[in-house]
Amino acid sequence: MKRYIGRRLAYSLLSLFLLSVTIFLFVRVTGDPAVLLVEPGASKADLDAVREQFGLDRPLIVQYGAFMSSLLRGDFGQSFYYRTPVFELYLSRLPNSLMLALAAMAFSLLIGIPSGILAAVRVNTWWDSLGKVFALLGLSLPAFWVGLVMILVFSVYLGWLPSSGSGTVLHLLMPAFSLGWVFAAAHMRLTRSSMLEVLGSEYVKLARLKGLPEALVIGKHAFKNALIPVLTLAGINLVIMVNVAVVVETVFAWPGIGRLLYEGIAFRDFPVVQATVLLGGSMIVVVNLLVDILYAVIDPRIRLER
Amino acid sequence: MAIARPAEIPVARARPLWRLDGFPLIPALILATTAFVAIFANVLAPHDPEVGTLGARFKPPFWQAGGSTEYLLGTDHLGRDVLSRLLFGARVSMVVGFTAVIIAGAVGTTLGIISGYIGRWVDQVIMRVTDTWLALPALTFAIFLAAVIGPSMWNIVAILSVVYWTRYARVIRGEVLTLKEREFVRLGIVAGCSKWTIMKRHILPNVINTAIVLGTLQLGVVIITEASLSFLGVGVPPPQPAWGLMLADGKKGLMAGYWWLTVLPGFCIMFMVLSANLLGDWLRVKLDPQLRQL
Numbered sequence: 015m016k017r018y019i020g021r022r023l024a025y026s027l028l029s030l031f032l033l034s035v036t037i038f039l040f041v042r043v044t045g046d047p048a049v050l051l052v053e054p055g056a057s058k059a060d061l062d063a064v065r066e067q068f069g070l071d072r073p074l075i076v077q078y079g080a081f082m083s084s085l086l087r088g089d090f091g092q093s094f095y096y097r098t099p100v101f102e103l104y105l106s107r108l109p110n111s112l113m114l115a116l117a118a119m120a121f122s123l124l125i126g127i128p129s130g131i132l133a134a135v136r137v138n139t140w141w142d143s144l145g146k147v148f149a150l151l152g153l154s155l156p157a158f159w160v161g162l163v164m165i166l167v168f169s170v171y172l173g174w175l176p177s178s179g180s181g182t183v184l185h186l187l188m189p190a191f192s193l194g195w196v197f198a199a200a201h202m203r204l205t206r207s208s209m210l211e212v213l214g215s216e217y218v219k220l221a222r223l224k225g226l227p228e229a230l231v232i233g234k235h236a237f238k239n240a241l242i243p244v245l246t247l248a249g250i251n252l253v254i255m256v257n258v259a260v261v262v263e264t265v266f267a268w269p270g271i272g273r274l275l276y277e278g279i280a281f282r283d284f285p286v287v288q289a290t291v292l293l294g295g296s297m298i299v300v301v302n303l304l305v306d307i308l309y310a311v312i313d314p315r316i317r318l319e320r
Numbered sequence: 043m044a045i046a047r048p049a050e051i052p053v054a055r056a057r058p059l060w061r062l063d064g065f066p067l068i069p070a071l072i073l074a075t076t077a078f079v080a081i082f083a084n085v086l087a088p089h090d091p092e093v094g095t096l097g098a099r100f101k102p103p104f105w106q107a108g109g110s111t112e113y114l115l116g117t118d119h120l121g122r123d124v125l126s127r128l129l130f131g132a133r134v135s136m137v138v139g140f141t142a143v144i145i146a147g148a149v150g151t152t153l154g155i156i157s158g159y160i161g162r163w164v165d166q167v168i169m170r171v172t173d174t175w176l177a178l179p180a181l182t183f184a185i186f187l188a189a190v191i192g193p194s195m196w197n198i199v200a201i202l203s204v205v206y207w208t209r210y211a212r213v214i215r216g217e218v219l220t221l222k223e224r225e226f227v228r229l230g231i232v233a234g235c236s237k238w239t240i241m242k243r244h245i246l247p248n249v250i251n252t253a254i255v256l257g258t259l260q261l262g263v264v265i266i267t268e269a270s271l272s273f274l275g276v277g278v279p280p281p282q283p284a285w286g287l288m289l290a291d292g293k294k295g296l297m298a299g300y301w302w303l304t305v306l307p308g309f310c311i312m313f314m315v316l317s318a319n320l321l322g323d324w325l326r327v328k329l330d331p332q333l334r335q336l
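Protein sequence lines, in the order shown, are assigned to chains V and A. Numbering of the first sequence is given in this note's numbering, commencing with residue 15 and proceeding in unit increments. Numbering of the second sequence is given in this note's numbering, commencing with residue 43 and proceeding in unit increments.
Written out as structure tokens, the structure is:
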């Protein structure tokens with residue numbers, strides 16, 4: 015157990031290291047980093063000052079050391095636009111992103127789980143086909159387009175919901191639905207396959223042999239077990255939602271991390287862009303690690319695997 | 043995934059590929075039409091896609107009051123013809139989508155084969171990088187790269203290739219790991235083939251189907267990512283007609299209810315992505331019987 019966790023931890027640390035190297039190198043290798051690190055419209059003297067400050071003429075290893083030591087101190091630089099440390103900005107937007115992600119997750123599970131169960135219980139009927147069409151549409155419709163069309167219908171034509179901003183539950187509905195939409199399809203597919211697997215297992219057969227009513231077999235014996243992988247995926251997806259909401263947040267002017275990233279691009283605020291990528295990637299590495307450890311705690315077979 | 047009834051199971055007859063049972067005809071036709079339109083956009087488009095008539099701004103499609111057959115699908119905020127822009131937009135999506143998929147596929151497949159076959163530290167290096175890059179959310183990674191190297195159509199192709207090759211590398215490596223234990227590879231080694239010969243002659247032909255299936259399924263993802271990047275203003279630069287860019291421009295008329303600027307480009311993206319996904323699903327079953335259960 016300890017060995018397993020130790021090895022997973024080492025892999026995650028390596029991943030975080032490679033992540034920082036990737037970001038560091040892309041900025042340094044693909045052009046003049048000073049242009050990115052200086053405010054737009056800066057003078058020649060400013061450029062030289064930045065070169066001096068970041069020591070851009072020193073060897074890459076030394077530069078990387080400086081880059082890393084400031085990251086580890088939680089210093090992601092200063093935002094050109096907001097004039098505040100980027101890390102503070104990020105933290106101040108995080109609650110909004112989490113709120114949106116939680117609401118989107120609720121939508122996606124409310125749609126995904128029942129339809130997945132229905133597709134599995136009625137496998138190879140038209141319910142199942144309907145589920146497949148739905149899953150395919152989830153993959154094929156860009157989330158932000160769903161959002162734009164919803165604005166058109168619910169804000170412009172019907173006037174029921176506010177088209178942008180935040181503050182009330184009504185503001186949350188449309189962004190949460192358009193973000194949750196894509197994930198609903200994924201959750202539906204996994205619920206279906208996980209449910210099918212459980213329904214074919216011995217203990218479900220036994221429950222049926224005992225003469226339990228079908229509703230009880232599905233509701234009590236199958237459903238609970240089928241839910242485990244779905245909830246694991248949901249946990250990982252929650253973090254992914256926080257990090258891929260950029261287009262949806264831009265459409266609805268939702269003040270989360272995605273919107274921050276968009277402002278980073280729009281105002282050529284490079285420290286913001288860099289911090290968002292670094293923190294987003296790190297968040298996912300950490301969640302993957304947590305899920306692996308959790309699984310090892312629950313399931314002893316995983317610990318023994320090499 | 044029809045569960046085969048006993049009568050259907052028996053003989054694994056080798057069916058010739060040209061007997062296209064269950065071939066998704068409509069998706070293939072949509073993709074073919076898009077390709078046709080993309081190639082001949084300059085002949086088909088009734089107007090210049092990049093130059094508008096300011097006197098004819100926000101004209102609705104011809105069937106609505108105020109529309110005319112001069113602009114069949116209406117005009118945008120600069121008075122540019124929407125139909126012409128959609129036609130040229132197909133060209134951007136096709137070129138970006140296909141080149142990015144091919145480059146990412148070639149790089150990913152090559153690295154996947156090398157990683158799986160050579161093994162040891164080479165495998166470790168390639169796979170650790172793959173894992174790390176897979177952890178980065180694709181869109182965020184792409185936005186970062188776009189911010190670093192700046193937007194242009196060919197930069198987008200490069201960015202999407204950098205972001206998406208890891209998907210191929212991971213899957214192909216897994217296949218190579220089982221392939222290299224097979225008889226024909228061992229015989230190749232005994233016969234004195236070099237590593238490169240084995241990888242090129244014996245491994246590559248056996249993983250190319252998987253790469254093609256992955257590529258077809260990725261086409262949709264890549265097109266959506268390109269549209270998202272353009273929508274955010276870090277994709278194809280403005281005067282050019284790209285569907286994502288049209289959606290971004292469409293926002294200017296959204297609150298006024300100019301639906302055609304939002305709905306039409308979205309439909310184009312949807313039909314193309316849907317077609318690619320359907321075709322990919324069919325190919326997956328066709329080319330890779332082992333994946334049928336997935």
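Virtual Cβ for every residue (Gly too), placed ideally from N, Cα, C.
Chain A partners of residue i, CB-CB under 9 angstroms?
i: residue 254/V; result: 179
i: residue 50/V; result: 189, 190
Check whether the Cβ of residue i lies closer than 9 angstroms to any Cβ atom in chain A.
i: residue 257/V; result: yes
i: residue 278/V; result: yes
i: residue 244/V; result: no
i: residue 168/V; result: no
i: residue 36/V; result: yes
i: residue 104/V; result: no
i: residue 127/V; result: no
i: residue 176/V; result: no
i: residue 288/V; result: yes
i: residue 154/V; result: yes
i: residue 264/V; result: yes
Can you find a C-beta in chain V that's less than 9 angstroms from the C-beta of residue i?
i: residue 353/A; result: Since the first residue shown for chain A is 43 and the last is 336, residue 353/A is missing from the structure and cannot be characterised.
i: residue 273/A; result: yes
i: residue 105/A; result: no
i: residue 248/A; result: no
i: residue 319/A; result: yes
i: residue 187/A; result: yes
i: residue 46/A; result: Unreliable positioning characterises residue 46/A in this predicted model, as indicated by a pLDDT of 45, which lies under 50. A coordinate reading is not provided.
If you reduce the DSSP assignment to three classes, tell me which class residue i lands in.
i: residue 27/V; result: helix
i: residue 90/A; result: coil
i: residue 44/A; result: Summary for residue 44/A: the model assigns pLDDT 46, below 50, so the residue's position carries little reliability; its value from the coordinates is reported in the next sentence. Coil.
i: residue 123/A; result: strand
i: residue 282/A; result: coil
i: residue 243/V; result: helix
i: residue 128/V; result: helix
i: residue 92/V; result: strand
i: residue 182/V; result: coil
i: residue 98/V; result: coil
According to the Cβ coordinates, are residue i and residue j closer than 9 angstroms?
i: residue 184/A; j: residue 205/A; result: yes
i: residue 322/A; j: residue 261/A; result: yes
i: residue 99/A; j: residue 283/A; result: no
i: residue 163/V; j: residue 267/A; result: no
i: residue 114/V; j: residue 255/V; result: yes
i: residue 125/V; j: residue 198/V; result: yes
i: residue 151/A; j: residue 253/A; result: yes
i: residue 111/V; j: residue 280/V; result: no
i: residue 93/A; j: residue 142/A; result: no
i: residue 179/A; j: residue 302/V; result: no
i: residue 296/A; j: residue 272/A; result: no
i: residue 48/V; j: residue 61/V; result: yes
i: residue 259/A; j: residue 197/A; result: no
i: residue 103/A; j: residue 86/A; result: no
Which chain A residues are close to residue i, counting only those with a beta carbon under 8 angstroms from its beta carbon?
i: residue 294/V; result: 178, 179, 182
i: residue 143/V; result: Within chain A, no residue comes near residue 143/V; the closest Cβ sits about 11 angstroms away, beyond 8 angstroms.
i: residue 302/V; result: 177
i: residue 13/V; result: Any answer about residue 13/V is impossible in this case: the structure gives chain V only from 15 up to 320.
Can you name the residues of chain V whose CB is closer than 9 angstroms to the CB of residue i?
i: residue 304/A; result: 159, 162, 163, 165, 166
i: residue 170/A; result: 25, 28, 29, 32
Using the beta-carbon of each residue, which ones in chain V are nearer than 7 angstroms to residue i?
i: residue 173/A; result: 29
i: residue 276/A; result: 279
Below 8 angstroms on C-beta distance, what does residue i contact in chain V?
i: residue 299/A; result: 166, 170, 171
Interfacial residues, the region 229-240 of chain A to chain V, with Cβ spacing under 7 angstroms: none
Interface residues of the region 120-140 of chain A facing chain V [CB-CB below 8 angstroms]: For the region 120-140 of chain A, which is checked against every Cβ of chain V, not one residue is closer than 8 angstroms.
The region 58-90 of chain V: positions lying closer than 8 angstroms to chain A by Cβ: none
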